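Residue numbers (the working numbering): 19 to 345.
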């Protein structure tokens with residue numbers, strides 16, 4: 019296929035931007051064929067008389083770009099026209115065709131939600147990472163983060179989202195939901211995800227964040243008493259839960275207290291890995307507020323976001339030839 023003038027001009031530019039490099043890395047590490055194979059049975063085949071559907075991989079690429087840059091349906095449509103790097107990533111030549119519009123992407127996103135395909139995206143990415151030897155099985159770190167929801171009632175329903183709730187963190191109240199994650203203690207990659215309203219206590223979801231093969235689980239002070247809960251009593255797991263801050267402040271200078279303080283510091287260093295996926299989703303992908311109404315739609319998006327976050331965190335290991343490959 020003959021290259022357009024804009025393609026040749028883009029290829030000739032001397033400086034690669036951060037967006038260029040980022041998209042090139044995502045392009046290289048994403049298991050496109052495996053993802054397409056999971057989505058293809060649910061994707062329209064265009065067997066009727068109407069206009070044939072846009073190619074599955076093109077829609078998937080547009081969706082991935084949307085999630086990575088925290089854009090709305092209209093925002094990613096505009097970005098395709100505004101950014102040559104995003105256009106190349108999606109695979110569109112404006113000299114020959116127009117970009118998929120926001121309505122087309124909305125239908126694609128609803129298809130993913132209806133058939134729970136974002137969970138499939140998350141699981142397929144993780145299976146790819148496990149095949150590369152990047153997912154260990156011995157330890158899990160559990161944690162949760164608050165994701166704000168719009169508190170305004172200036173909407174069609176004239177009410178706040180009924181599935182979101184308030185929760186107090188420190189001295190501040192937050193309205194929204196929680197993303198609870200189970201993270202591989204070795205690699206820092208997310209292997210399990212649960213979405214709940216913000217007022218759901220972290221400790222109640224700990225059992226749902228385990229893959230079942232752990233020998234050790236780490237959590238912050240919000241998981242105190244986790245081993246006493248009925249759902250965890252029969253588990254042969256070593257729970258390493260942080261001491262409550264108030265109790266930790268009372269530690270003195272005795273030998274035992276110094277050892278306890280060293281143990282708390284060691285647990286905190288290990289738990290720090292769980293902050294990396296939260297950083298990618300909230301800061302790199304700019305997902306600090308829910309985009310939709312209802313827990314189901316927002317949790318569906320979280321599966322895509324944390325799956326892509328795993329690729330971002332693992333990309334340097336994946337890009338090194340033969341690195342992380344199973345022995």
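Note that beta-carbon positions come from the ideal geometry of N, C-alpha and C, so glycine has one too. Given the structure is predicted, the values throughout are model-derived calculations rather than measurements.
Looking at the backbone, the Cα of residue 299 and that of residue 305 are separated by about 6 Å.
Taking C-beta separations shorter than 7 Å and ignoring five residues to either side along the sequence, the partners of residue 187 in its chain run 164, following chain order. Under the three-pair Cβ rule at 8 Å, the segment 230-244 does not count as touching the segment 173-182. Each residue's CA atom was taken as its position, placing residue 77 and residue 54 some 10 Å apart. Across the set 322, 215, 234, the C-alpha of 234 shows the shortest separation from the C-alpha of residue 157. Excluding its 5 nearest sequence neighbours in each direction, residue 257 has C-beta neighbours in its own chain below 7 Å: 235, 244, 245, listed in chain order. Under the three-state reduction of DSSP, residue 288 is assigned to helix. Residue 79 is classed as buried because its beta carbon has at least 16 other beta carbons within 10 Å across all chains shown. Counting only unbroken stretches of 4 or more residues, the alpha helix (DSSP H) elements lying wholly within the segment 105-159 are 120-132, 135-149, in sequence order.
Of the candidates 121, 180, 114, 121 places its Cα closest to the Cα of residue 90. Counting every other CB atom within 10 Å of its CB across the protein chains shown gives residue 49 a total of 16 or more, marking it as buried. Per DSSP, residue 179 lies in no beta strand (DSSP E) segment and is marked neither H nor E. Residue burial annotation: residue 205 is buried, with at least 16 other C-beta atoms found within 10 angstroms of its C-beta.
In this structure, the beta-carbon distance from residue 323 to residue 303 falls below 8 Å.
Cβ contact annotation for residue 317 (same chain, cutoff 6 Å, sequence separation greater than five): 213, in chain order. For residue 181, the CB contacts under 6 Å within the same chain, skipping 5 residues up- and downstream, are 312, 313 in chain order. Per DSSP, the beta-bridge partners of residue 212 are 198. Here the alpha carbon of residue 138 sits roughly 22 Å from the alpha carbon of residue 71.
Under the Cβ criterion (8 Å, minimum of three pairs), the segment 191-199 does not count as touching the segment 252-270. Its chain contains 95 as the residues whose beta carbon lies nearer than 7 Å to that of residue 119, once the 5 sequence neighbours on both sides are disregarded; these appear in chain order.
Per DSSP, the unbroken alpha helix (DSSP H) holding residue 294 starts and ends at 293-297. Within the same chain, and ignoring the five residues on either side of residue 326 in sequence, the residues whose Cβ sits closer than 7 Å to its Cβ are 82, 85, 86. From the listed residues 152, 179, 249, 250, the smallest Cα separation to residue 337 is found for 152. For residue 267, there is no enclosing beta strand (DSSP E); the enclosing alpha helix (DSSP H) has its first and last residue at 263-267. By DSSP's assignment, residue 225 forms no beta bridge with any residue. The shortest C-alpha to C-alpha distance from residue 115 to any of 221, 92, 73 is the one to 73. If you draw a straight line from the Cα of residue 229 to the Cα of residue 133, it comes to about 23 Å. Shown here, residue 245 sits in a helix according to DSSP, grouped into three states. Boundaries around residue 330 are those of the alpha helix (DSSP H), 313-337, since no beta strand (DSSP E) includes it. The three-state secondary structure of residue 55, taken from DSSP, is helix. Look at residue 204 here: in three-state DSSP terms it is coil, with no helix or strand label.
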